[in-house]
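Note that the numbering used here gives residue 928 to position 247 of the sequence shown, counting from 1, and the numbers run on in steps of one. Even for Gly, the Cβ is constructed at its ideal location relative to N, Cα and C. It should be emphasised that the depicted structure is a prediction, and the values quoted were computed from it without experimental measurement. To start, the structure itself, in structure tokens.
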Amino acid sequence: MKIKRMLRKKKSHPYRIQFLYRPGKKLGDEAIQILVRELREVAGTCFETIPPYQALLGSREELSDKVITVARQSDGSMVGFCSTVLLPVPGVGEILHLGLTCVRPEARGAGLTHLLMKKAVVGYLLRHKPVGRVWVTNCAAVLSSLGNVALYFDRVVPCPFGKIQPSEKHVRIARAIGEKYRRKIYIREEAVLDEKRFVFRGSVRDTVFQKSASDTRFHHRNGFLNEYYKRLMNFHEGDEVLQVGHVSVLTALRHGRRKRKLQKRAAEGWSVLPRGLTSDGAENWAA
682 MKIKRMLRKK
692 KSHPYRIQFL
702 YRPGKKLGDE
712 AIQILVRELR
722 EVAGTCFETI
732 PPYQALLGSR
742 EELSDKVITV
752 ARQSDGSMVG
762 FCSTVLLPVP
772 GVGEILHLGL
782 TCVRPEARGA
792 GLTHLLMKKA
802 VVGYLLRHKP
812 VGRVWVTNCA
822 AVLSSLGNVA
832 LYFDRVVPCP
842 FGKIQPSEKH
852 VRIARAIGEK
862 YRRKIYIREE
872 AVLDEKRFVF
882 RGSVRDTVFQ
892 KSASDTRFHH
902 RNGFLNEYYK
912 RLMNFHEGDE
922 VLQVGHVSVL
932 TALRHGRRKR
942 KLQKRAAEGW
952 SVLPRGLTSD
962 GAENWAA
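Okay, here's the thing in structure tokens:
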């Protein structure tokens, strides 16, 4: 199949990528214990305190709605993982939430984070939705994560490309997350969904996921994308952007066009705020 060949790029990393679909429904007790121990060991290199969240909780139930990709060295040791979550939304179907990605310090800087996410999404897509599209969500304050989702997925809201307005399904998915899936996505119960900007206000305040706008470790390589998403959030209050979009086997073909548009906008100095929105003091939020 031509599309599959396009997605199989020449291997340029020393890791073996393992794809796990709903491991809580397929693995034995001992295999689950080993997997969870490895996941927590990797997460321990990324957080001062491992959050009680997602696959790190370690129960069979928590692993039963996950799509996980794992990167291993030649000796079998785990150096990184991406754990996504399958969430049913009435009137939409099963959506894929991009969830949690962790990579050991010694393996960072070579694109492994993006590779793990891509393998999870493409693996799920080709196995379970080769025709049609899959709705995808991401909830984050990490600018590199937000920028990559804007670049690599279709019809993403909020996003600086084109005049994309939220459809009825975009809004339905956002509301379902706010009403049913806060615990799954690590969103505080007190957080408020700003439907105009698709931002959860106070989502991760005083948690390990709260970020500083000035911490360049979490910035995207493209400054235009950083500025766009910075101005949507109040970092001091622990806001997160909720991105909703979709992906299909044709998405990769449109990625190059988005990159060219991004380069043109950055060169022309276009406004980074969404059409129709004023800053509302947001310049000070990103300090």
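- Remark: C-beta atoms of residue 824 and residue 906 approach each other more closely than 9 Å.
- A distance of 9 Å or more separates the beta carbons of residue 779 and residue 910.
- Burial state of residue 839 is buried, judged by a 10 Å Cβ sphere holding 16 or more other Cβ atoms.
- Going by DSSP, residue 924 is part of the beta strand (DSSP E) stretching over 921–928.
- About 7 Å separates the Cβ atoms of residue 830 and residue 926, confirming a contact at the 8 Å cut-off.
- Listed as beta-bridge partners of residue 841 by DSSP are no residues whatsoever.
- Cβ-Cβ separation between residue 880 and residue 921: approximately 7 Å, consistent with a contact (criterion under 8 Å).
- Bounds of the beta strand (DSSP E) holding residue 779 are 774–784.
- The continuous beta strand (DSSP E) containing residue 821 extends over residues 815–821.
- With contacts defined as CB atoms closer than 9 Å, residue 768 and residue 865 qualify as a contacting pair.
- Secondary structure of residue 800 (DSSP, three-state): helix.
- Per DSSP, residue 747 is one residue of the beta strand (DSSP E) stretching across 747–753.
- Counting only the Cα atoms, residue 726 lies some 10 Å from residue 787.
- For the pair residue 708 and residue 820, the Cα-to-Cα distance works out to about 28 Å.
- In its chain, beyond the 5 residues on either side, 705 have a beta carbon closer than 8 Å to the beta carbon of residue 742.
- Looking only at 835, 868, 799, 697, the smallest Cα-Cα distance to residue 813 is reached by 835.
- Three or more beta-carbon pairs separated by less than 8 Å are not found between the segment 755–775 and the segment 876–896, which leaves the two stretches without contact.
- Of the residues 729, 713, 723, 884, the one whose Cα lies closest to the Cα of residue 747 is 713.
- Restricting attention to 924, 915, 890, 914, the CA atom closest to the CA of residue 781 is found in 890.
- According to DSSP, residue pairing for residue 846 in a beta bridge does not occur.
- Counting every other CB atom within 10 Å of its CB across the protein chains shown gives residue 901 a total of 16 or more, marking it as buried.
- Looking at the backbone, the Cα of residue 753 and that of residue 793 are separated by about 11 Å.
- With respect to the C-alpha of residue 802, the residue from 863, 716, 750 having the closest C-alpha is 750.
- Looking from the CA of residue 867, the closest CA among 923, 854, 915 belongs to 923.
- Taking the CA atoms as reference points, residue 859 sits about 25 Å from residue 806.
- Straight-line measurement puts the Cα of residue 815 at about 11 Å from the Cα of residue 932.
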